[in-house]
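Chemist: Protein sequence lines correspond, in order, to chains A and B. 1242 is the number of the first residue of the first sequence in my numbering; add one for each residue after it. 1242 is the number of the first residue of the second sequence in my numbering; add one for each residue after it. Ideal Cβ positions, reconstructed from N, Cα and C, are used throughout, including at glycine.
2 protein chains.
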Amino acid sequence: MAKGGQPRVLLVEDEPAQRTVLAYNLEAEGFAVTQADNGEDAMVLVDEEEPDIIILDWMMPKVSGIEVCRRLKMRPETRGIPIIMLSARAEEVDRIRGLETGADDYVIKPYSVLELMARARAQLRRVRPSTAGVVLEHEDIRLDPESHRVYRGEKVLKLGPTEFKLLVTLMERPGRVFSREQLLDLVWGRDIYVDTRTVDVHVGRLRKSLMLHGGADPVRTVRGAGYSLG
Amino acid sequence: MAKGGQPRVLLVEDEPAQRTVLAYNLEAEGFAVTQADNGEDAMVLVDEEEPDIIILDWMMPKVSGIEVCRRLKMRPETRGIPIIMLSARAEEVDRIRGLETGADDYVIKPYSVLELMARARAQLRRVRPSTAGVVLEHEDIRLDPESHRVYRGEKVLKLGPTEFKLLVTLMERPGRVFSREQLLDLVWGRDIYVDTRTVDVHVGRLRKSLMLHGGADPVRTVRGAGYSLG
DNA sequence: TTGGACTGTTACAGAACCGTCGCATAGGCT
DNA sequence: AGCCTATGCGACGGTTCTGTAACAGTCCAA
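Here it is as structure tokens:
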């Protein structure tokens, strides 16, 4: 596995247009992308490229995504690689089956590219050793996803689960403005229905937690648009 | 691309009856529809209207849909616009050819209007977030849509939501003169009714914000026509 | 069961922003 | 120059958006 430098992603998708768009976005996010348009090539490329993560389309001619996933999870040397499945079917049945074959996460088409990126990073963080630069940092805020701990300066902060996820999301792309809808997707999950005003309240709680031991407010409100860090 | 408000669709279909029905449904779905009945007009309208998505009939006299698609995907500035092809031929061969020319999706006649709507929305969702990463620049003004930040020289400017959208619109095509009506369409949204003089006021506010830390007025008034940048 | 921690919703006040009006001024044409 | 129109600008009332506190419901551990 590539310990330092760019994380490697193997992108397996048979439809050229979608693959191109995804590859573009992944590269823009700092991933080194290897592409395959069928399951057989994918199996070969896993050994050749040793990707850190695999994004796998469900429906493909010949060897399907689900089959690739099953095979990879059977082999000890590839079992540890996180797999995110893409599927056009939204039914819960498929979801279950996907997870039973060992996929680590699951995104339904049409997906938000933003969400997919976030999930990819999340999976990466999960498997990478915590000592190697996976600690998110922004100004004097440090966040260690592994130990679930947040520091501001030297102080340890105490955040609730939602505040924590919210901060993780914001810290993954400091400066980027997230709309309330995007934050609901990324933090709460896309199928949950809660009022967008709820985001305001949790942003407020996060702010209070972050500023409890002093320090400026690191969260920026962009009127009419959303929130961002810094 | 229309950043806020309704997504714009360019509908290219030579048969009036089908075009009318589709336009009606698309408008009911909240799209702002521009229509064309041949490929040549379509090519012109793409530049004029800058649609977010194009629905393109395969079979048309003179310049065919497939040809329009090929041409659009060759030009960098139009390549990113998703294209959905409509075709009466169901053969897989055509499907392949359609995708090879770069069409992003493909619907076979007779299609379900509902399905077409769903696919259109799906394509939109797919492309919208990928506008990220582009920083607009004009002379000493920089605008980062992702972080919602505007700089003039080294100074950070503070703009209201409408001023921001207005500046985005102007910066997307520096030098181009926008009429007040066009600006109302692009910035406020197509169905909103506000007085055209409102544009003047916001241009004034934008000017003030841009010149607050010194520097020349970058907005040009074209008497009797509208405004442009530079 | 009880208590505490957490969450989503609502209400309200203050701030930011918007659209319109009236008038002053500048531009262009005869 | 003189006239007419288009534009710039300040002010104002109304609307929308945001921050915060309060509250009730849920979940989990002791």
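1) Which chain A residues are close to D1293(B), counting only those with a beta carbon under 8 Å from its beta carbon?
2) Return no unless some Cβ of chain A is closer than 8 Å to the Cβ of E1387(B).
3) Check this for me: beta carbons of P1302(B) and R1249(B), under 8 Å apart or not?
4) Would E1270(A) and M1358(A) qualify as a contact pair, given that the criterion is a beta-carbon distance under 8 Å?
5) List the endpoints of the continuous beta strand (DSSP E) containing A1277(A).
6) Can a CB atom of chain B be found closer than 8 Å to the CB of V1418(A)?
7) For the region 1442-1458 of chain B against the region 1393-1406 of chain B, do three or more pairs of beta-carbon atoms, one drawn from each stretch, fall closer than 8 Å, so that the two count as touching?
8) Which full runs of the alpha helix (DSSP H) of 4+ residues lie inside the region 1402-1437 of chain B, going along the chain?
9) Is R1260(A) helix, strand or coil by DSSP?
10) In the DSSP assignment, find the alpha helix (DSSP H) that holds K1303(B) and state where it starts and stops.
11) Can you tell me whether DSSP reads V1315(B) as helix, strand or coil?
12) Would you call the CB atoms of L1398(A) and S1450(A) closer than 8 Å?
13) Strictly below 7 Å CB to CB, what residues from chain B border V1463(A)?
14) Does S1469(A) have its Cβ less than 8 Å from a Cβ in chain B?
15) Name the two residues that bound the continuous alpha helix (DSSP H) containing E1289(B).
16) With DSSP run on the structure shown, which of helix, strand or coil describes D1458(B)?
17) If I follow the unbroken beta strand (DSSP E) through I1294(A), where does it start and stop?
18) Would you call the region 1253-1264 of chain B and the region 1407-1425 of chain B in contact, with 3 or more CB pairs under 8 Å?
19) Nearest by alpha-carbon distance to A1186(B): which of R1316(B), R1438(B), M1326(B), D1432(B) is it?
20) Do M1315(B) and G1306(B) come within 8 Å of each other at the CB atom, strictly closer than that value?
21) Let me know if E1380(A) comes out buried or exposed under the rule of 16 or more other beta-carbons within 10 Å of its beta-carbon.
22) Enumerate in chain order the residues of its own chain whose CB-to-CB distance from T1372(A) is below 8 Å, with the five nearest sequence positions on each side excluded.
23) Quick one, which residues of the region 1252-1268 of chain A are near chain B if we go by CB-CB under 8 Å, in chain order?
24) If you follow the beta strand (DSSP E) that D1385(A) is in, where does it begin and where does it stop?
25) Using DSSP with H/G/I as helix, E/B as strand and the rest coil, what is V1348(A)?
26) For A1466(A) versus H1443(B), is the C-beta distance shorter than 8 Å?
27) In three-state DSSP terms, what is H1389(B)?
28) Determine the burial state of P1402(A): buried for a count of at least 16 other Cβ atoms within 10 Å of its Cβ, exposed for fewer.
Modeler: Taking the structure as given:
1) Near D1293(B) there are no residues of chain A at all, since even the closest Cβ is about 15 Å away, more than 8 Å.
2) yes
3) no
4) yes
5) 1273-1277
6) yes
7) yes
8) 1402-1413, 1421-1424
9) helix
10) It is not in any alpha helix (DSSP H) - K1303(B) carries neither H nor E in the DSSP assignment.
11) Looking at the sequence itself, residue 1315(B) is Met, so the reference to Val does not match. In this structure, M1315(B) counts as helix in the three-state DSSP scheme.
12) yes
13) H1389
14) yes
15) 1280-1290
16) coil
17) 1294-1298
18) no
19) With chain B running from 1242 to 1471 in the structure shown, residue 1186(B) is simply not present.
20) no
21) exposed
22) Note on T1372(A): pLDDT 36, under 50, position unreliable in the model; no value is reported.
23) E1256, P1257, A1258, Q1259, V1262, Y1265, N1266
24) 1382-1385
25) strand
26) no
27) coil
28) exposed
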